[in-house]
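Student:
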Amino acid sequence: MRLTKLSLGIALGLLTSVSAFAAEGGATKRLHPKAAEFEFEGPFGTYDRGALQRGYQVYKEVCAACHSANLLSFRNLAEPGGPGFTEAQARALATAAKIPAEPNDKGETTDDKGAPLMRSATLADRFPSPYPNENAARASNSGALPPDLSLIVKAREGEAHYIYSLLTGFHEKAPAGFKVTEGKYFNPYFEGWNITMPPPLTENGVTYSDGTKATIDQQAHDVVTFLAWAAEPKMEERKRMGFGVMVFLIVLAGLLFAAYRKVWKDAH
Amino acid sequence: MSGPSTYNPQSGLERWIDARLPLPRLLHDTVHTFPTPRNLNIWYTFGGILAFCLGVQIITGITLAMHYVANANLAFNSVETIMRDVNYGWLIRYIHANGASMFFLAVYIHMFRGLYYGSYKAPRELLWIIGVLIYLLMMATAFFGYVLPWGQMSFWGATVITNLFSAIPVVGNHIATWLWGDFAVGDATLNRFFSLHYLLPFIIAGVVVLHIWALHVPGNNNPLGIDVKSPQDTVPFHPYYTVKDAFYLVLFVIFFAGFVFYSPDFFGNPDNYQPANPLVTPPEIVPEWYLLPFYAMLRSIPNKLLGVIVMGGAIVTLVFIPWLDTSRVRSCRFRPLMKQFFWGLVVCCVLLGYCGAQSVDAVKFGIPMVWVARIASIYYFAFFWLIMPIIGLIETPKKLPASIAQSVLGDKAGAPAE
């Protein structure tokens, strides 16, 4: 149950300050997510196209080094309600990506030197995964498995705010007496405070083509917007249809109320 | 369905059908001229709302089943395909998922309505018992349905609930294995749960027909809880109650649509957007909100078998209510003492739901939640097995009105025909 959602607003205001550490009394319970603002929130909110395109860039250049996003295809990048790339742009992005090829006409999946055969992706292909399997992923990340990012925003309590807080929460100082585990990083927004993921975002870590200054906050905002779309690609269609449905139902309720009053006029 | 029929076939075709299969006569007497007490209030519209909910769940469910794959390796992604690539799949799934919550919300209002106005009392005992059966079938169906997306909470919820059967002495573990079709929750379990999830709604629909039949023989109870005495006490179902039910149904649908379109995951658990993983147990395994009161009862008892017995007993108790209530007066409107204990029951059920959502060792406002759950559970059983029989004997009910018509119309009504 997410009754917490209702109290989130109040809790956010109280818990964003560092003093919250003291209130936790040394327990390693994660902090409540920060109160960030996103364009896609609220009943009329839509995804900011610029943020989605920049967010895709952050995802591709930073996150995708370790994280998969198995449920996304290149065609999604050009679909309505998404980042708003043209079909040609999406195709170009797909072509630039290399994915394992299907067996060739001799049935081989590797070349003469034993390297796997690769081909360019098409619009119909899923985003490439950084590792061939789970064991390879764990082997490269001190035993931890970088989670798939397709649904990450919906799969975490606190949703977009949680991911945003996590990405921007690495600069916080660990409280006195808290030992950061060897090979892990301190992040107070993560349950247990020890996270295997190193701080992924750095100032100007990516170069935006639209001239936006790539601060850590900006990159976090952009990539969280992208991941929110990845988890809920039909959100804009849903809210748009919802508005029409609500107007229809309210008018219908008005008509039925008038009919109800008329029918019952003499009955009580 | 009962009493003399008022159907009068007009055309030759209608007479021809009526002599062979009088279905038009049945419908005419059931939903058109059926005499209904004229004083039914808003709480009586939830019967129609529940019929609507069942219809919505069946239609959206059949559509989802066209795209869903009941296979442990494919189920999770097939649901995401519905969300992303099936035309309006997101809409159908969100209606179905939130529809379950709306269905239970409506059924709880419907049940408390029946309790408050004494709708289970003679001659409506079977009507009530059939209703309890529907509620039981609904819980089973909802549980099976929640397993199908095969997310973390689906998998672990199924594991926890099916493991309850292993508490039964001697044969418990065999029953659990038999239910799973395997030695753990897995592909075989998912397949049979899908099969049963598809089957049970049609059984519910059949039992709903019995429920309506059992309603139409004695006729509706009403907020006054007194019998219909003359035709002046009633109005024909159509148009009076068709229009009233339709209006309140649309208000209910607006509430429903608010969740579907603006907060579709409100009732969901984020963990269920992670694929099922038998190797990783979620920190908190929580059932859907509508099962939380029973979950709280189960967890408040340290002994597993006793917990299961108490949880089952909470539902079985409902069957005996018609005979546990010793009062001659039906409606709590005329039962000043019972009314207070009734609201105590409502508060306890909400408290139990709240406790069920907390972790076992949670302490709120300095009070261990497990003790709140224990006290609320004791009140739940005491209400039905002690308070109900005793209050009925010692309470002095208020004076009942002479007739429904007199109560509603005042002086406009003539003397009731005796």
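Going down the list, the sequences are from chains A and B.
First residue of the first sequence? That's 19 in the working numbering, and the numbers climb one at a time after it.
First residue of the second sequence? That's 4 in the working numbering, and the numbers climb one at a time after it.
Idealized CB from N, CA, C, for every residue including glycine.
Predicted model only: the values in this text are computed from it and were never measured.
Between Phe244(A) and Tyr77(A), what straight-line distance do the alpha-carbon atoms span, to the nearest angstrom?
Tutor: 8 Å
Student: What is the DSSP secondary structure of Asn212(A), counted as helix, strand or coil?
Tutor: strand
Student: Within the continuous alpha helix (DSSP H) that includes Ile117(A), where are the two ends?
Tutor: It is not in any alpha helix (DSSP H) - Ile117(A) instead sits in the beta strand (DSSP E) that spans Lys116 to Pro118.
Student: Opposite Lys367(B) in the DSSP bridges: which residues?
Tutor: Ile370(B)
Student: Quick one: what does DSSP say Thr39(B) is sitting in, helix, strand or coil?
Tutor: strand
Student: Can you check the region 223–253 of chain A for any alpha helix (DSSP H) of at least 4 residues that lies completely inside it and give the ranges in chain order?
Tutor: 234–249
Student: On the three-state DSSP scale, how would you describe Pro404(B)?
Tutor: coil
Student: Would you mind giving the Cβ-Cβ distance between Ile394(B) and Phe337(B), rounded to the nearest angstrom? I have them listed as a contact below 8 Å.
Tutor: About 13 Å; that fails the 8 Å criterion.
Student: Please state if the CB of Val281(A) and the CB of Tyr243(B) are separated by a distance shorter than 8 Å.
Tutor: yes
Student: Figure out for me which residue from Ser362(B), Lys401(B), Leu340(B) and Leu294(B) has the closest Cα to the Cα of Tyr138(B).
Tutor: Distances from the alpha-carbon of Tyr138(B) to those of Ser362(B), Lys401(B), Leu340(B) and Leu294(B) put Leu294(B) closest.
Student: Flag Leu49(A) as yes if its beta-carbon sits less than 8 Å from any beta-carbon of chain B, otherwise no.
Tutor: no
Student: Closer than 8 Å between beta carbons: that is the criterion. Which residues of the region 227–260 of chain B meet it against chain A?
Tutor: Val238, Pro242, Tyr243, Val246, Lys247, Ala249, Phe250, Val253, Leu254, Val256, Ile257 and Ala260
Student: Residue range of the alpha helix (DSSP H) that Pro296(B) falls in?
Tutor: Leu295 to Arg302
Student: Determine, for Ala173(A), whether the minimum Cβ-Cβ distance to residues of chain B falls below 8 Å.
Tutor: yes
Student: Taking 6 Å as the limit between beta carbons, can you name the residues of its chain near Phe62(A), skipping five residues before and five after?
Tutor: none
Student: With Ser138(A) as the anchor, note down where its beta strand (DSSP E) starts and where it stops.
Tutor: Met136 to Ser138
Student: Taking the alpha-carbon positions, what's the Gly369(B) to Leu309(B) distance?
Tutor: 27 Å
Student: Considering only the beta carbon of each residue, do Phe196(B) and Leu140(B) sit closer than 8 Å?
Tutor: no
Student: From the DSSP output, which residues share a beta bridge with Pro278(B)?
Tutor: Gly154(B)
Student: Which residue or residues does DSSP assign as beta-bridge partners of Val204(A)?
Tutor: In the sequence on display, residue 204(A) carries Phe and not Val. Looking at the DSSP assignment, Phe204(A) forms a beta bridge with Asn212(A).
Student: Going residue by residue through the region 51–107 of chain A, where are the continuous alpha helix (DSSP H) segments of at least 4 residues, counting only ones entirely within it?
Tutor: DSSP runs (the alpha helix (DSSP H)) wholly in the region 51–107 of chain A: 67–79.
Student: Distance, Cα to Cα, Ala145(B) vs Gln60(B)?
Tutor: 11 Å
Student: Going by DSSP, what residues sit across from Pro239(B) in a beta bridge?
Tutor: Pro38(B)
Student: Please return the same chain residues whose Cβ sits closer than 7 Å to the Cβ of Arg127(B), not counting the five positions on each side in sequence.
Tutor: Pro221 and Asn224
Student: Return the chain-ordered list of same chain residues with a C-beta closer than 6 Å to the C-beta of Leu89(A), the five sequence neighbours on each side being excluded.
Tutor: Ser168
Student: List, in order along the chain, the chain B residues whose C-beta lies closer than 7 Å to that of Tyr278(A)?
Tutor: Val246, Lys247 and Phe250
Student: Below 8 Å between beta carbons is the criterion; list the residues of the region 71–100 of chain B that meet it against any residue of chain A, in chain order.
Tutor: Within the region 71–100 of chain B, Asn80, Glu83, Met86, Arg87, Trp93, Leu94 and Tyr97 place their CB atoms closer than 8 Å to a CB of chain A, listed in sequence order.
Student: The alpha helix (DSSP H) with Gln60(B) in it runs from where to where?
Tutor: Under the DSSP assignment, Gln60(B) falls in the alpha helix (DSSP H) whose first and last residues are Phe49 to Ala68.
Student: Taking the alpha-carbon positions, what's the Lys402(B) to Ala279(B) distance?
Tutor: 59 Å
Student: What are the boundary residues of the alpha helix (DSSP H) that includes Lys307(B)?
Tutor: Lys307 to Leu327
Student: How is Arg174(A) classed by DSSP in three states: helix, strand or coil?
Tutor: coil
Student: Check each candidate in Ala360(B), Cys351(B), Leu389(B) and Pro392(B) and name the one with the smallest Cα separation from Arg377(B).
Tutor: Of the candidates Ala360(B), Cys351(B), Leu389(B) and Pro392(B), the one whose C-alpha sits nearest the C-alpha of Arg377(B) is Cys351(B).
Student: Tell whether a beta-carbon distance below 8 Å holds between Asn275(B) and Val289(B).
Tutor: no
Student: Using 8 Å as the threshold, is the region 97–114 of chain B in touch with the region 46–56 of chain B, meaning 3 or more CB pairs across them?
Tutor: yes
Student: Is there a C-beta anywhere in chain B that falls below 8 Å from the one on Met259(A)?
Tutor: yes
Student: How would you list, in chain order, the residues of chain A whose beta-carbon sits under 7 Å from the beta-carbon of Pro273(B)?
Tutor: Chain A residues near Pro273(B): Lys172, Ala173, Arg174 and Glu175.
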